[in-house]
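Read the structure below first, then the notes.
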Amino acid sequence: MEMIQNFDDFLKALLAAGFSMGGGNSDGIYSIITWGWNEEPSYETPVSWHTGDPDTDPWEWRIRVLNERDDIAYSKLFFKKSGFITKEWYPYFLAARRIGADFEDAYADGTISHFAKRIYEVVEAHDALPVDAIKQMAGFSKEDKAGFDRALTELQMRMFITTCGRQPKFSKSGEEYGWPSMMFCTTEKFFNSADAVFEKAASINSEAAEQKIMRQILKLNPNAQKKRIIKFIYAR
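When we follow our numbering, the leftmost residue of the sequence shown carries the number 1, and every step to the right adds one.
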(Lines of atoms letter the chains of each structure in order from A; the text may use other names.)
(Lines give C-alpha, C1' and ligand atoms only; values in the text may rest on other atoms or scores of the structure.)
Protein backbone atom coordinates (compact mmCIF):
# COMPACT_ATOMS: atom_id res chain seq x y z
CA MET A 1 0.00 0.00 0.00
CA GLU A 2 1.29 3.44 -0.96
CA MET A 3 1.63 5.80 2.00
CA ILE A 4 0.09 8.86 0.33
CA GLN A 5 1.43 12.13 1.74
CA ASN A 6 0.35 14.65 -0.92
CA PHE A 7 -1.16 15.18 -4.37
CA ASP A 8 1.98 14.09 -6.22
CA ASP A 9 1.98 10.77 -4.34
CA PHE A 10 -1.70 10.31 -5.17
CA LEU A 11 -1.12 11.07 -8.84
CA LYS A 12 1.77 8.63 -9.09
CA ALA A 13 -0.28 5.87 -7.44
CA LEU A 14 -3.31 6.55 -9.66
CA LEU A 15 -1.33 6.43 -12.90
CA ALA A 16 0.19 3.13 -11.80
CA ALA A 17 -3.14 1.61 -10.70
CA GLY A 18 -5.24 2.89 -13.61
CA PHE A 19 -8.40 3.48 -11.57
CA SER A 20 -9.56 4.08 -8.02
CA MET A 21 -12.62 4.80 -5.94
CA GLY A 22 -12.79 8.47 -5.02
CA GLY A 23 -12.21 7.85 -1.33
CA GLY A 24 -12.59 4.98 1.09
CA ASN A 25 -12.87 1.32 0.13
CA SER A 26 -16.17 0.31 1.73
CA ASP A 27 -17.15 -1.46 -1.51
CA GLY A 28 -14.19 -3.81 -1.30
CA ILE A 29 -12.45 -3.09 -4.60
CA TYR A 30 -9.64 -0.52 -4.49
CA SER A 31 -9.05 3.03 -3.36
CA ILE A 32 -5.78 4.94 -3.17
CA ILE A 33 -7.16 6.94 -0.25
CA THR A 34 -8.38 4.10 1.92
CA TRP A 35 -10.35 6.19 4.39
CA GLY A 36 -13.49 8.25 3.81
CA TRP A 37 -14.03 11.87 4.77
CA ASN A 38 -15.41 10.91 8.22
CA GLU A 39 -12.78 8.24 8.96
CA GLU A 40 -9.27 8.31 10.37
CA PRO A 41 -6.33 7.52 8.05
CA SER A 42 -4.79 4.09 8.45
CA TYR A 43 -1.24 5.50 8.55
CA GLU A 44 0.47 8.73 9.54
CA THR A 45 -0.09 11.37 6.88
CA PRO A 46 -0.94 15.07 6.52
CA VAL A 47 -3.66 14.12 4.01
CA SER A 48 -7.05 15.17 5.38
CA TRP A 49 -10.47 15.75 3.82
CA HIS A 50 -12.09 19.18 3.39
CA THR A 51 -9.24 21.39 4.61
CA GLY A 52 -9.05 23.29 1.33
CA ASP A 53 -5.31 22.62 1.00
CA PRO A 54 -4.71 21.67 -2.66
CA ASP A 55 -1.69 19.55 -1.78
CA THR A 56 -3.18 17.45 1.04
CA ASP A 57 -6.99 17.58 0.66
CA PRO A 58 -8.38 14.71 -1.48
CA TRP A 59 -11.55 16.76 -2.10
CA GLU A 60 -9.41 19.30 -3.96
CA TRP A 61 -7.51 16.64 -5.91
CA ARG A 62 -10.53 15.78 -8.08
CA ILE A 63 -10.52 19.36 -9.40
CA ARG A 64 -6.74 19.51 -9.72
CA VAL A 65 -6.88 16.34 -11.82
CA LEU A 66 -9.47 17.90 -14.13
CA ASN A 67 -7.70 21.27 -14.33
CA GLU A 68 -4.12 20.07 -14.64
CA ARG A 69 -4.35 16.80 -16.55
CA ASP A 70 -5.90 15.59 -19.80
CA ASP A 71 -5.39 11.89 -19.15
CA ILE A 72 -7.57 11.26 -16.07
CA ALA A 73 -11.35 11.24 -15.82
CA TYR A 74 -13.23 11.81 -12.57
CA SER A 75 -16.95 11.23 -12.15
CA LYS A 76 -19.53 8.98 -10.49
CA LEU A 77 -18.14 5.84 -12.03
CA PHE A 78 -18.38 3.00 -9.51
CA PHE A 79 -21.28 1.90 -7.29
CA LYS A 80 -22.93 5.30 -8.00
CA LYS A 81 -19.97 6.91 -6.23
CA SER A 82 -17.06 9.01 -7.39
CA GLY A 83 -13.95 7.52 -8.89
CA PHE A 84 -11.02 8.03 -11.24
CA ILE A 85 -10.02 6.25 -14.45
CA THR A 86 -6.85 7.04 -16.37
CA LYS A 87 -6.81 7.45 -20.14
CA GLU A 88 -4.91 4.17 -20.46
CA TRP A 89 -7.73 2.22 -18.80
CA TYR A 90 -10.72 4.22 -19.99
CA PRO A 91 -11.16 2.23 -23.25
CA TYR A 92 -11.59 -1.02 -21.30
CA PHE A 93 -14.38 0.40 -19.15
CA LEU A 94 -15.99 1.94 -22.24
CA ALA A 95 -15.89 -1.42 -24.00
CA ALA A 96 -17.47 -3.17 -21.01
CA ARG A 97 -20.20 -0.64 -20.34
CA ARG A 98 -21.20 0.59 -23.80
CA ILE A 99 -20.62 -2.70 -25.64
CA GLY A 100 -20.14 -0.77 -28.87
CA ALA A 101 -23.42 1.15 -28.59
CA ASP A 102 -23.67 4.93 -28.86
CA PHE A 103 -26.20 6.95 -26.89
CA GLU A 104 -29.00 6.67 -29.46
CA ASP A 105 -28.55 2.89 -29.62
CA ALA A 106 -28.74 2.64 -25.83
CA TYR A 107 -31.87 4.78 -25.68
CA ALA A 108 -33.53 2.80 -28.48
CA ASP A 109 -32.76 -0.42 -26.58
CA GLY A 110 -34.54 0.96 -23.52
CA THR A 111 -31.43 0.89 -21.31
CA ILE A 112 -31.35 4.68 -20.91
CA SER A 113 -34.17 6.59 -19.22
CA HIS A 114 -36.10 9.49 -20.75
CA PHE A 115 -34.81 11.85 -18.04
CA ALA A 116 -31.26 10.82 -18.98
CA LYS A 117 -32.03 11.54 -22.65
CA ARG A 118 -33.18 15.07 -21.82
CA ILE A 119 -29.99 15.70 -19.86
CA TYR A 120 -27.72 14.17 -22.48
CA GLU A 121 -29.17 16.17 -25.37
CA VAL A 122 -28.58 19.44 -23.51
CA VAL A 123 -25.03 18.52 -22.49
CA GLU A 124 -24.17 17.26 -25.97
CA ALA A 125 -25.23 20.58 -27.51
CA HIS A 126 -22.64 22.51 -25.46
CA ASP A 127 -18.95 22.23 -24.66
CA ALA A 128 -19.67 22.04 -20.92
CA LEU A 129 -22.49 23.04 -18.58
CA PRO A 130 -22.92 23.41 -14.80
CA VAL A 131 -25.62 21.36 -13.09
CA ASP A 132 -27.98 24.31 -12.55
CA ALA A 133 -27.86 25.22 -16.24
CA ILE A 134 -28.55 21.62 -17.25
CA LYS A 135 -31.64 21.53 -15.02
CA GLN A 136 -32.95 24.78 -16.43
CA MET A 137 -32.22 24.08 -20.09
CA ALA A 138 -33.61 20.54 -19.93
CA GLY A 139 -36.81 21.79 -18.25
CA PHE A 140 -36.51 20.05 -14.88
CA SER A 141 -38.58 21.37 -11.97
CA LYS A 142 -37.93 21.20 -8.23
CA GLU A 143 -40.29 18.24 -8.10
CA ASP A 144 -38.03 16.39 -10.55
CA LYS A 145 -34.94 16.59 -8.31
CA ALA A 146 -34.77 12.90 -7.38
CA GLY A 147 -35.31 11.79 -10.97
CA PHE A 148 -32.79 14.33 -12.26
CA ASP A 149 -30.13 13.17 -9.79
CA ARG A 150 -30.70 9.52 -10.71
CA ALA A 151 -30.47 10.26 -14.42
CA LEU A 152 -27.31 12.35 -14.00
CA THR A 153 -25.67 9.46 -12.13
CA GLU A 154 -26.96 6.98 -14.73
CA LEU A 155 -25.24 8.90 -17.53
CA GLN A 156 -21.97 9.06 -15.62
CA MET A 157 -22.03 5.36 -14.77
CA ARG A 158 -22.73 4.48 -18.41
CA MET A 159 -19.86 6.82 -19.36
CA PHE A 160 -21.88 9.02 -21.71
CA ILE A 161 -21.10 12.18 -19.72
CA THR A 162 -18.35 13.07 -17.26
CA THR A 163 -17.35 15.92 -14.97
CA CYS A 164 -14.98 18.42 -16.53
CA GLY A 165 -14.49 21.12 -13.89
CA ARG A 166 -16.49 23.38 -11.62
CA GLN A 167 -18.02 26.85 -11.85
CA PRO A 168 -18.62 29.30 -8.98
CA LYS A 169 -22.16 30.41 -8.19
CA PHE A 170 -22.95 34.13 -8.13
CA SER A 171 -25.92 36.02 -6.71
CA LYS A 172 -27.78 38.71 -8.66
CA SER A 173 -25.53 41.27 -6.95
CA GLY A 174 -22.44 39.48 -8.23
CA GLU A 175 -21.43 37.93 -4.90
CA GLU A 176 -20.04 34.40 -4.95
CA TYR A 177 -21.96 32.00 -2.71
CA GLY A 178 -22.31 28.35 -1.76
CA TRP A 179 -20.47 25.37 -3.21
CA PRO A 180 -19.34 25.70 -6.85
CA SER A 181 -21.39 23.75 -9.42
CA MET A 182 -19.79 20.76 -11.10
CA MET A 183 -19.50 21.07 -14.87
CA PHE A 184 -20.41 18.23 -17.23
CA CYS A 185 -19.56 17.40 -20.83
CA THR A 186 -19.87 14.31 -23.00
CA THR A 187 -17.05 11.81 -22.73
CA GLU A 188 -16.40 12.36 -26.44
CA LYS A 189 -15.72 16.05 -25.76
CA PHE A 190 -13.65 15.27 -22.67
CA PHE A 191 -11.26 12.95 -24.51
CA ASN A 192 -12.11 14.13 -28.07
CA SER A 193 -14.18 11.73 -30.15
CA ALA A 194 -11.33 11.32 -32.65
CA ASP A 195 -8.96 10.28 -29.87
CA ALA A 196 -7.43 6.81 -29.66
CA VAL A 197 -9.52 6.20 -26.51
CA PHE A 198 -12.65 5.57 -28.57
CA GLU A 199 -10.84 3.82 -31.41
CA LYS A 200 -9.27 1.42 -28.92
CA ALA A 201 -12.58 0.85 -27.10
CA ALA A 202 -14.22 -0.11 -30.40
CA SER A 203 -11.58 -2.80 -30.93
CA ILE A 204 -12.12 -4.50 -27.54
CA ASN A 205 -15.02 -6.86 -26.81
CA SER A 206 -16.67 -6.73 -23.39
CA GLU A 207 -15.34 -10.13 -22.29
CA ALA A 208 -11.73 -9.16 -23.03
CA ALA A 209 -12.27 -5.85 -21.22
CA GLU A 210 -13.72 -7.66 -18.22
CA GLN A 211 -10.75 -10.02 -17.96
CA LYS A 212 -8.23 -7.19 -18.31
CA ILE A 213 -9.86 -5.09 -15.58
CA MET A 214 -10.43 -8.09 -13.30
CA ARG A 215 -6.75 -9.05 -13.44
CA GLN A 216 -5.75 -5.53 -12.48
CA ILE A 217 -8.24 -5.39 -9.60
CA LEU A 218 -6.94 -8.68 -8.19
CA LYS A 219 -3.40 -7.36 -8.52
CA LEU A 220 -4.40 -4.27 -6.51
CA ASN A 221 -6.64 -6.17 -4.09
CA PRO A 222 -6.31 -9.98 -4.06
CA ASN A 223 -9.22 -10.18 -1.60
CA ALA A 224 -11.77 -8.54 -3.91
CA GLN A 225 -14.86 -10.72 -4.40
CA LYS A 226 -15.87 -11.66 -7.94
CA LYS A 227 -19.48 -10.53 -7.51
CA ARG A 228 -18.32 -7.05 -6.46
CA ILE A 229 -15.71 -6.94 -9.21
CA ILE A 230 -18.35 -7.59 -11.88
CA LYS A 231 -20.56 -4.85 -10.45
CA PHE A 232 -17.57 -2.49 -10.41
CA ILE A 233 -16.68 -3.23 -14.03
CA TYR A 234 -20.16 -3.09 -15.55
CA ALA A 235 -21.81 -0.49 -13.28
CA ARG A 236 -24.61 -2.92 -12.46
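Ideal Cβ positions, reconstructed from N, Cα and C, are used throughout, including at glycine.
Let's see if you can read the secondary structure: which residues bound the beta strand (DSSP E) around T162?
Where T162 is concerned, the enclosing beta strand (DSSP E) stretches over 161–170.
Between which two residues does the alpha helix (DSSP H) carrying K135 extend?
Its alpha helix (DSSP H) spans residues 131–137.
Taking the beta strand (DSSP E) that Y90 falls in, what are its first and last residues?
It is not in any beta strand (DSSP E) - Y90 instead sits in the alpha helix (DSSP H) that spans 90–98.
Could you have a look at G147 and say whether DSSP puts it in helix, strand or coil?
Looking at G147 - three-state DSSP - the assignment turns out to be helix.
C-alpha distance - T56 paired with F232, whole-angstrom precision
Spanning the alpha carbons of T56 and F232 requires a straight line of approximately 27 Å.
Contact check, G147 vs K81 under 8 Å by CB: the rounded distance?
About 19 Å; that fails the 8 Å criterion.
Inter-residue CB distance, Y92 and I204 (contact presumed, cutoff 8 Å):
Indeed, because the Cβ distance is near 6 Å, the residues count as touching under 8 Å.
Keeping to the same chain, check which residues put their C-beta closer than 7 Å to that of W59; ignore five residues upstream and five downstream.
Once the five neighbours on either side are set aside, the close Cβ partners of W59 are W49, H50.
Integer-rounded CB distance, given that T187 should sit under 8 Å from I213
That pair is no contact at about 17 Å.
Return the bridge partner residues of I85 from the DSSP annotation.
DSSP, once it has assigned bridges, lists F19, A73 as partnering I85.
What number of angstroms, rounded off, separates the C-alpha of G110 from the C-alpha of Y90?
Whole-angstrom Cα-Cα distance: 24 Å.
How big is the Cα-Cα spacing for I217 and I229?
The straight-line gap from Cα to Cα measures roughly 8 Å.
Looking only at C-alpha atoms, which of G24, L15, D132, W61 sits nearest to N6?
For N6, the nearest C-alpha among the options comes from W61.
Answer with buried or exposed for W179, where buried requires no fewer than 16 other C-beta atoms within 10 angstroms of its C-beta.
Under this definition W179 is an exposed residue.
Burial state of G83, where buried means 16 or more other Cβ atoms lie within 10 Å
G83 comes out buried.
Identify, in the order they occur along the chain, each residue of the same chain with its Cβ nearer than 6 Å to the Cβ of I112, setting aside the five sequence neighbours on each side.
Taken in chain order, the residues that qualify are A106.
Please return the same chain residues whose Cβ sits closer than 6 Å to the Cβ of E154, not counting the five positions on each side in sequence.
A116, listed in sequence order.
What does the alpha-carbon distance come out to for the pair K145 and G18?
Taking the straight line from one Cα to the other gives about 33 Å.
How is W179 classed by DSSP in three states: helix, strand or coil?
The three-state secondary structure of W179, taken from DSSP, is strand.
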